[in-house]
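For the record, the sequence lines run as chains C and G. Mapping of the first sequence onto this note's numbering: position 26 corresponds to residue 44, and the numbering continues sequentially without gaps. Mapping of the second sequence onto this note's numbering: position 135 corresponds to residue 138, and the numbering continues sequentially without gaps. Here a beta-carbon is modelled for each residue, glycine too, at the ideal position from N, C-alpha and C. Remember, it's a predicted structure, so these values are computed and weren't measured experimentally.
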Amino acid sequence: MKEGLNLLPSVAKFQVAKIKLKKMISQAMVVFLSFWVLSAIIIFGWLGINSFLLKQAETKNTKTLNSYKSLVTSVVLSKKNKYQAKLVGQVLKERFEYGSLIKKIMEFFPENISLKNFEIKSKKQFIVEGVLVRGSDINYIEDKVRDINLGLYSDFSSANLTSIQIGSNSWSFEMEVNLI
Amino acid sequence: MSGNFLKLPDKVFGLEKSLLALFLSPIVLLVFFLISLNLVLIPKANEIGTVKQKINTIKTNTNKVSEQVKYLSSVDSEELQKNAEYLDNAVLKNKKSYLLVEIIRQVANKFDYQVESFSLTPGEIKAEETASIKNMKKLPVNLMLYGPKNKSLDLILSLEKTLPILFIDKYDISTSGNYSELELTVSSYYIADETNIDTSNIALSDLILSSDELALVEKISSFAKIEENTGIQMSEFQQYQRENPFSL
């Protein structure tokens, strides 16, 4: 710099401006470099912290997985139970339990009316055949049919007497009962 | 440095060479910054994102697994085993209709009913169309039972409270005196065992029985369990030395 020193006023001014500019550039470079170094420190530091946290999380995960593996028998059994419960649930949902309804229908009729045949005609439809000695008991049957059709029984939707036959000593009837 | 600066003339584009030299270091620094930004800082900053994501995934997975571990540790293994047994017995273990006949026969015998005849229709053994689950098959059998009239209802009620779960598809009772003849079509489900249970990707909800499912287990636990006796007994093959009566 001393080599190119020129003491002419205009040149001196230029030299001063150049020195100022150089100083400014140096300062800007220091700021810029500091910013870069700071950014690098922050980024690498943050990455380091996160890598450490990742390692910790991985260690914890491995420990938890090991505990899980030790319970694998219970896992398999629980999963199997869940799977089977789902299937059995579907099976039971599909099933219609006739026993309790047959019982209800049987309880409908007093002892003097004996049931001869009982048939599940289709899903939710019964055919009941009975025998009674006194013709007056048929009124009881008709009353029951009326009560079912009036909706007095929660399990049955409708009923009708499909046939009545008079034999030598007895009456026989056939009744169709529909379930809800 | 300024004297030998790339052997350039004193002025370039009207600017002094020494002035240009002033900008050389900032330009080099800028280039270095841009290169380092693209090759180091941005990739490393992105790596932080990836690592964070990994941490979150691992933490979620760890929480999920530890919840399962906590649940499984709290579960009574004996109860788990008992539930498994009930659920196992709720369906047929073998796809053989004669086992179903044997089960019905055992129940019928309790009520003094005898199996008069039975028929199996292999063609009817088919995958249940209504069920969306594979390996689920319904096995029906037709039976004629004969026994005391007053126990017919008890028999039906008992059949409906038997494990494996039985379906009464057809019921026709004819009475004569104190005896009844029952014509039944009874079916049960055969469900193939789920052998491939993947334990790697299980949610906690896959392990816990819902309230409905618990009620179901409770319900079937009150059912009578009938052992499926295969009736196959192994015996040693014995060879007899007999003469051929037709030989000359």
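Item                                                                                                                                                            : Value
Starting from F136 of chain C, trace the beta strand (DSSP E) in both directions and tell me its first and last residue.                                        : 131-140
What are the residues in the region 167-180 of chain G lying within 7 Å of chain C by C-beta distance?                                                          : I168, F170, I171, K173, Y174, D175, I176, S177, T178
For the candidate residues G:V189, G:L40, G:E19, whose alpha-carbon lies nearest to that of S122 of chain G?                                                    : G:V189
Would you mind telling me which residues of chain C sit closer than 8 Å to Y65 of chain G, beta carbon to beta carbon, in chain order?                          : Reading off the sequence, residue 65 of chain G comes out as Thr, not Tyr. In chain order: A75, K78, N79, T82.
Can you check whether the CB of N84 of chain C is closer than 8 Å to the CB of I61 of chain G?                                                                  : no
Scan the region 127-145 of chain C for residues whose Cβ lies nearer than 8 Å to a Cβ of chain G and list them as they occur along the chain.                   : S132, L133, K134, N135, F136, E137, I138
Spatial neighbours of S155 of chain G within its chain, please: C-beta separation below 7 Å, excluding the five flanking residues on both sides.                : I176, S183, L185
Relative to the alpha-carbon of N135 of chain C, which residue among C:F32, C:K142, C:V149 has its alpha-carbon at the smallest distance?                       : C:V149
So for K162 of chain C, helix, strand or coil by DSSP?                                                                                                          : helix
Beta-carbon of Q102 of chain C versus every beta-carbon of chain G: anything under 8 Å?                                                                         : yes
Report the residues of the region 104-128 of chain C with a CB closer than 9 Å to any CB of chain G, ordered along the chain.                                   : K104, L105, V106, G107, Q108, V109, L110, E112, R113, F114, E115, Y116, G117, S118, I120, K121, M124
Would you list, in chain order, the members of the region 205-224 of chain G that have their beta-carbon closer than 9 Å to a beta-carbon of chain B?           : Within the model displayed, chain B is absent; protein chains C and G are what it includes.
Quick check: K140 of chain G and K98 of chain G, are their CB atoms within less than 8 Å of each other?                                                         : yes
Can you tell me whether V195 of chain C is buried or exposed, with buried defined as 16 or more other CB within 10 angstroms of its CB?                         : buried
Roughly how many whole angstroms lie between the Cα atoms of N59 of chain G and I51 of chain G?                                                                 : 12 Å
Using CA atoms only, rank isn't needed, just tell me which of C:E129, C:Q143, C:I138 is closest to I159 of chain C.                                             : C:E129
For a minimum of 3 consecutive residues, which ranges assigned as the beta strand (DSSP E) are wholly contained in the region 156-187 of chain G?               : 169-179
Assuming P27 of chain C is part of the alpha helix (DSSP H), what are its boundary residues?                                                                    : 27-88
Between G:V220, G:A227, G:I229, which has its C-alpha nearest V109 of chain C's C-alpha?                                                                        : G:V220
Taking 8 Å as the threshold, find out whether the region 71-81 of chain G comes into contact with the region 166-180 of chain G through three or more Cβ pairs. : no
Helix, strand or coil: how does DSSP classify G17 of chain G here?                                                                                              : coil
Per the DSSP calculation, E192 of chain C is bridged to which residue(s)?                                                                                       : C:E147, C:S181
Under 7 Å between beta-carbons, which chain C residues line up against M147 of chain G? List them in chain order, please.                                       : In chain order: nothing, as chain C lies at least about 14 Å away.
Would you check if the region 14-32 of chain G and the region 173-193 of chain C touch, i.e. whether three or more CB-CB distances between them fall below 8 Å? : no
Could you tell me which chain G residues have their CB closer than 8 Å to the CB of I43 of chain C, listed as they occur along the chain?                       : L25, F26, S28, P29
Could you say which of C:L168, C:F144, C:T180 lies nearest to I156 of chain C if we only look at CA atoms?                                                      : C:T180
Please state whether DSSP places Y171 of chain C in a helix, a strand or coil.                                                                                  : coil
Can you round the beta-carbon distance between L142 of chain G and L95 of chain G to whole angstroms, since I take them to be within the 8 Å contact cut?       : 6 Å
Does N68 of chain C get closer than 8 Å to chain G when you measure Cβ to Cβ?                                                                                   : yes
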